[in-house]
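Beneath this line is the structure, given in structure tokens, with notes to follow.
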Amino acid sequence: MNSTTTGSKPEFGAPIRRPERLRTAWLGAVLVALVALCFASVTIGVRQVGWGDVQAAFGGATATIGQAAIAKRIPRTVMALVAGAALGVAGAVMQGVTRNPLADPGILGVNSGAALAVVLGMAWFNIALSYTYVWTAIVGAALTALFVYAIGSLGPGGATPMKLALAGTATSVALASFINAVVLGRNDIAGGVRAWMIGGVGGITFDRILLVLPFIVLGLGICLLAARPLNSLALGEELATGLGENVAMARALSSLGAVTLCGAVTAVCGPIGFVGLAVPHACRLLVGVDHRWLIPFSALAGACLVIGADVVGRVVARPSELDVGIITAFVGAPVFIWIARRRKVKEL
Amino acid sequence: MTNHTLLVEDLVAGYGDRQVLEGIDLELLPGKVTAIVGANASGKSTLLRAMSRLLTPSKGRVLLDGKAVHQTPTKQLARTLGLLPQSPLAPEGITVADLIGRGRHPHHGVFSRWSKQDDEAVAAAMEATRTVDLADRPVDELSGGQRQRVWIAMALAQGTDILLLDEPTTFLDISHQVEVLDLLTDLNRARGTTIVMVLHDLNLAARYADRLVAISSGRLCVSGAPSEVLNEVTVKTLFGMECRIIADPLSGRPHMLPIGRHHRGE
Amino acid sequence: MTAGSSPSTAGSSFTAADGSASPTATLARPLAEDLSASRRRRVSRRAALIALLVVLLCLVFALTLMLGQSFVPPGDVWRVLLGDDVPGVSFTVGRLRLPRAVLSVLAGCSFGFGGAAYQTLLRNPLASPDIIGISYGASAAAVVGIVFFSLGGAAVSTVAIGVSLGVALLIYLLSYRGGASGTRLILVGIGVAALLESVIAYSLSEAGEWNMQEAMRWLAGSVNGASWGRIMPVLYALPVFGAVLLSRSRDLEALRMGDDAAAALGVRVAPTRVTVLIAATGLVAFATAAAGPISFVAFLAGPLAARIVGRNGSLLLPAALVGALLVLVADYCGQFLLPSRYPVGVITGALGAPYLIYLIVRSNRGGGTW
Chain A
19 MNSTTTGSKP EFGAPIRRPE RLRTAWLGAV LVALVALCFA SVTIGVRQVG WGDVQAAFGG
79 ATATIGQAAI AKRIPRTVMA LVAGAALGVA GAVMQGVTRN PLADPGILGV NSGAALAVVL
139 GMAWFNIALS YTYVWTAIVG AALTALFVYA IGSLGPGGAT PMKLALAGTA TSVALASFIN
199 AVVLGRNDIA GGVRAWMIGG VGGITFDRIL LVLPFIVLGL GICLLAARPL NSLALGEELA
259 TGLGENVAMA RALSSLGAVT LCGAVTAVCG PIGFVGLAVP HACRLLVGVD HRWLIPFSAL
319 AGACLVIGAD VVGRVVARPS ELDVGIITAF VGAPVFIWIA RRRKVKEL
Chain B
247 MTNHTLLVED LVAGYGDRQV LEGIDLELLP GKVTAIVGAN ASGKSTLLRA MSRLLTPSKG
307 RVLLDGKAVH QTPTKQLART LGLLPQSPLA PEGITVADLI GRGRHPHHGV FSRWSKQDDE
367 AVAAAMEATR TVDLADRPVD ELSGGQRQRV WIAMALAQGT DILLLDEPTT FLDISHQVEV
427 LDLLTDLNRA RGTTIVMVLH DLNLAARYAD RLVAISSGRL CVSGAPSEVL NEVTVKTLFG
487 MECRIIADPL SGRPHMLPIG RHHRGE
Chain C
24 MTAGSSPSTA GSSFTAADGS ASPTATLARP LAEDLSASRR RRVSRRAALI ALLVVLLCLV
84 FALTLMLGQS FVPPGDVWRV LLGDDVPGVS FTVGRLRLPR AVLSVLAGCS FGFGGAAYQT
144 LLRNPLASPD IIGISYGASA AAVVGIVFFS LGGAAVSTVA IGVSLGVALL IYLLSYRGGA
204 SGTRLILVGI GVAALLESVI AYSLSEAGEW NMQEAMRWLA GSVNGASWGR IMPVLYALPV
264 FGAVLLSRSR DLEALRMGDD AAAALGVRVA PTRVTVLIAA TGLVAFATAA AGPISFVAFL
324 AGPLAARIVG RNGSLLLPAA LVGALLVLVA DYCGQFLLPS RYPVGVITGA LGAPYLIYLI
384 VRSNRGGGTW
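Residue numbers (this note's numbering), protein chains in the order written: chain A, 19 to 366; chain B, 247 to 512; chain C, 24 to 393.
Structure (structure tokens):
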């Protein structure tokens, strides 16, 4: 397959197909890395714990302080794994749907949309942490994503990276000032909102994970189903239609999946930026641009990134902790700038 | 008839690490129309950009009346050498008369005021390009052909003796292409302006230019009168394609007919 | 390589130029007079509108000195301004209202000026310094200074100015790749903004109760508690950077047609760009250091000014006036017209957000140029 002249650049400079053997090797490597990181996440932390306590904690013991610390790190690790996988997939799908290398839940303003929805819910409808809470965030995220994409693709050239990024950033800034206006008038909810905005996977418990798990499973399922249509969409709307794809349907379905994923994650962890941006780009270099490989691979790599960021956050700022979102921003923002620098001006 | 000379000496230029022009020597004839032709990515536009000092060459020089253009103060240069880039941006909300007036920029300093001469130059440019009726229209509402006339008017208002144009006919339909080229011919005849343009269409280039400059992978392939340059061998070198040359019944210039796989025989 | 002979082309039917080589052709004279008349009309209309903005600004300025919790008659205000000691009034007007109004005007002017310069240079109304990360440099520096080093007053300002100039330079260097492009600058700015945002978030998460309030107040953007000490740096910075920008306003206007077209007109593109960026960043940095990042003033002033005076001439001066008006009016609303008191940045933010969204829609439809 050559790069066509129809204005659709099939994908972002990565090879279409990698040899099967290479891909399988990478898959193995990422799985090993994931297991290693999970192990590290359970054993490494602000408090150093001996190996005996680790083993005991896995048996369910919480007798010593060390064992209790480990017991708290297990749900945290699970949450990081789930959040990372969800965000990685959401990013890969969003980049596929918009055919835009800079699409990312954070850049598209989805995080701010979820945040505003939750803040409004807290301020006016007294919602508490429950299914409603997750729903609210997902609806906020979906509306924002739709809005940003709609205004970003107005005008000649469609949704160019720059228009989309500017529309997303501007919308985020706008939503943030709404949040500011709401919160400043309501001292009663300010503390709750702030705690939520800082977010992170720190204080996560298993019942909160169970709360979002259905949404995540649903979102992941939809995204995996969308892999094949996304491959057609990569050729451009017209060609995809020509190949017999129902473009509108494919877009709506895959966007729904992606938005569900990042809305749900944002609802429990607060905004975690740039995972959805950086992970799919790295994965494309490893396994090529076939979405049937890219999506599952992004899930694994995303999980690795978030777990890794969480571990790093616990280590670098001892005795306190750095939130995952901050670490991922420091990993992801340079990737964003690198992409912006690498591309020719006309493609932006 | 003007007698400014523009001389290109051993020009090497490119973008970043990518070298596009690999040593070009060229002398442009004052008072004539020159068309630069060649395949996509052969370096036509790069040559034009380097000549108008939009691009700094890594080696070689461009001499205007014996002085290197890349060392000449920009405003001074812009009073002799005009350039119409391939896709200039029409600022939103600006009117045609105002845009054409922007061509007077090189004639003004920080504090100088708009003068009668400026108004006359703008008026003359509008007359020449038949844009008088458009004077108060916003530029962003114009059609492609009208817009191109306005841009040319702006370049005219600049009042330069040499005018470089980068693909002035792209995105225009054939009637507007001819209109723009006619306009440039008028300008060349009436004011003696030296015109150098990059053109895509070999046949239009042969018909309108006094001289063709053929560029192939960053080097000068051949230059001269259309009748000398445009032949089967040149086209084969430039585009790797068989063709036949006939005489254009309207102008007597050479006219190129491409030969595809299906039309080889008689 | 021989020179081509020029066989005559058939059928050129050109009448208007008539073979006359001079641009001052007699035929063009009546048209030139028409053009000159209509130009004069436009110029005087523009001058009148700018004068109107100045008058309006003076009026609002005077009103904010008179109105408030208590009404002060114009005569008393005048006497305080002249330096007389008027019992019961000198403190309210001279110590509270006057510095506050002066800071509003100066910060608003600076934001409007700098914002319009950025927007014109980058050919995009959305590319204002408060959206593409320039202001974030000042914010992040200030919050880090407040939270981790318990800095206050002048120290915060100095750090904020230094860091935001540094951030602007960093954005420029990162976007430079065989020539700087406006598009890339915007994108790199967004990336850097995201980074700085996470620095701010982290600092806030580490802040104690007192520092937190201080930092939040600073982030919201406020002219509360304005003092002459806070005003002075802006008072010096505005004329200097403003004059630099105004001297470049013609080149800036030419740049709206694209780098190539501007270069063809004799604009030295790279030096102009760097000069404008430095001056505009300086304005925004000094104003941010004094009043915090008052949301959207830099962004709103340009487009609003374009609505008022049209887009045929430079927007710098009108945008500065509109910026000052915006901050004055919004601050008054935040203080007295709403049930609880809000810092001025919250008001401009809430007012600006819908307009921002409207503008994105409109500018994207128009192809993104401005």
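Backbone N, C-alpha and C fix where the C-beta goes; we use that ideal spot for every residue, glycine too.
If you count every other CB in all the chains shown that lies within 10 Å of the CB of residue i, and 16 or more means buried, which is it?
| i | result |
| --- | --- |
| A/E263 | buried |
| B/R264 | exposed |
| B/M400 | buried |
| B/Q392 | buried |
| A/T154 | buried |
| A/V128 | buried |
| B/K313 | exposed |
| C/C81 | exposed |
| B/H351 | buried |
| C/L105 | exposed |
| B/N249 | exposed |
| B/K305 | exposed |
| C/S45 | Low per-residue confidence applies at C/S45: pLDDT is 45, beneath 50, and the placement is therefore not dependable enough to give any value. |
| A/N118 | buried |
| B/K482 | exposed |
| C/D274 | buried |
Relative to the C-alpha of residue i, which residue among the options is closest?
| i | options | result |
| --- | --- | --- |
| A/A276 | A/G343, A/T95, A/W44, A/P123 | A/P123 |
| A/G291 | A/S272, A/R359, A/T346 | A/T346 |
| C/A178 | C/A161, C/V297, C/A277 | C/A161 |
| C/Y378 | A/T189, A/A74, A/P298, A/L303 | A/T189 |
| A/V157 | A/R332, A/D328, A/L274, A/V334 | A/L274 |
| B/L438 | B/I408, B/T416, B/I282 | The sequence shown places Gly at residue 438 of chain B, not Leu. Out of B/I408, B/T416, B/I282, B/I408 has the C-alpha closest to the C-alpha of B/G438. |
| A/G221 | A/G131, A/I92, A/A351 | A/I92 |
| A/A266 | A/G281, A/Q85, A/A98, A/S250 | A/S250 |
| B/G486 | B/S469, B/V475, B/D494, B/P504 | B/P504 |
| A/L105 | A/F348, A/R359, A/P352, A/C322 | A/C322 |
| C/A293 | C/L219, C/G375, C/L258, C/G205 | C/G205 |
| C/W233 | C/V170, C/M89, C/V332, C/A376 | C/V170 |
| B/R307 | B/L329, B/V254, B/A324 | B/V254 |
| C/V190 | C/L219, C/S173, C/G168, C/F172 | C/L219 |
| C/V246 | C/R385, C/A183, C/G214, C/G315 | C/G315 |
| B/A403 | B/D364, B/S389, B/G262 | B/D364 |
| C/V77 | C/S270, C/V100, C/L340, C/P53 | C/L340 |
On the premise that residue j lies in contact with residue i, defined as a C-beta separation below 8 Å, what is that separation, rounded to the nearest angstrom?
| i | j | result |
| --- | --- | --- |
| A/A101 | A/C287 | 5 Å |
| A/L231 | A/T278 | That belief does not hold up - the Cβ atoms of A/L231 and A/T278 are roughly 12 Å apart, past 8 Å. |
| A/L238 | A/V107 | 6 Å |
| C/A345 | C/A321 | Residue 345 of chain C is actually Val in this sequence, not Ala. At roughly 11 Å, the Cβ-Cβ gap does not stay under 8 Å, so C/V345 and C/A321 are not in contact. |
| C/S221 | C/R207 | Not really, about 22 Å apart at Cβ, beyond 8 Å. |
| C/Y355 | C/T87 | 6 Å |
Residues of the segment 320 to 331 of chain B in Cβ contact with chain C at a cutoff of 9 Å, in chain order, please. T320, K321, Q322, L323, A324, R325, L327, G328, L329, L330, P331
Short of 9 Å Cβ to Cβ, which residues in the segment 125 to 151 of chain C face chain A? N147, L149, A150
Check whether the segment 361 to 378 of chain B and the segment 331 to 351 of chain B touch, using three or more Cβ-Cβ pairs below 8 Å as the test. yes
Closer than 8 Å, Cβ to Cβ, to anything on chain C: give me those residues from the segment 283 to 317 of chain A, in chain order. G291, F292
Report yes or no: do the segment 239 to 257 of chain A and the segment 76 to 90 of chain A share at least 3 C-beta pairs separated by less than 8 Å? no
At a Cβ cut of 8 Å, what residues of the segment 260 to 272 of chain B count as close to chain C, listed as they run along the chain? Y261, G262
Check whether the segment 276 to 285 of chain C and the segment 352 to 367 of chain B are in contact - that is, three or more C-beta pairs closer than 8 Å. Verdict: no, contact absent.
Closer than 7 Å, Cβ to any Cβ of chain C: which residues of the segment 191 to 214 of chain A, in chain order? V191, A192, S195, F196, N198, A199, L202, G203
Near-chain B residues of the segment 324 to 338 of chain C - C-beta to any C-beta below 9 Å: A329, G333, R334, N335, G336
Count the CB pairs spanning the segment 352 to 371 of chain C and the segment 148 to 156 of chain C that are closer than 8 Å, and state whether there are at least three. The segment 352 to 371 of chain C, when compared against the segment 148 to 156 of chain C, does not touch it at the 8 Å Cβ threshold.
The segment 295 to 303 of chain C / the segment 109 to 121 of chain C touching (three or more Cβ pairs under 8 Å): no
Is there contact between the segment 133 to 146 of chain C and the segment 307 to 317 of chain C, where contact requires at least three CB pairs shorter than 8 Å? Yes, they touch.
Cβ contact check for the segment 272 to 288 of chain B and the segment 451 to 467 of chain B: 3 or more pairs under 8 Å: Yes: at least three Cβ pairs fall under 8 Å.
Between the segment 440 to 451 of chain B and the segment 462 to 470 of chain B, do three or more beta carbon pairs fall short of 8 Å? no
The segment 326 to 338 of chain A: positions lying closer than 8 Å to chain C by Cβ: S338
Do the segment 326 to 334 of chain A and the segment 45 to 59 of chain A make contact, defined as three or more Cβ pairs closer than 8 Å? Yes: at least three Cβ pairs fall under 8 Å.
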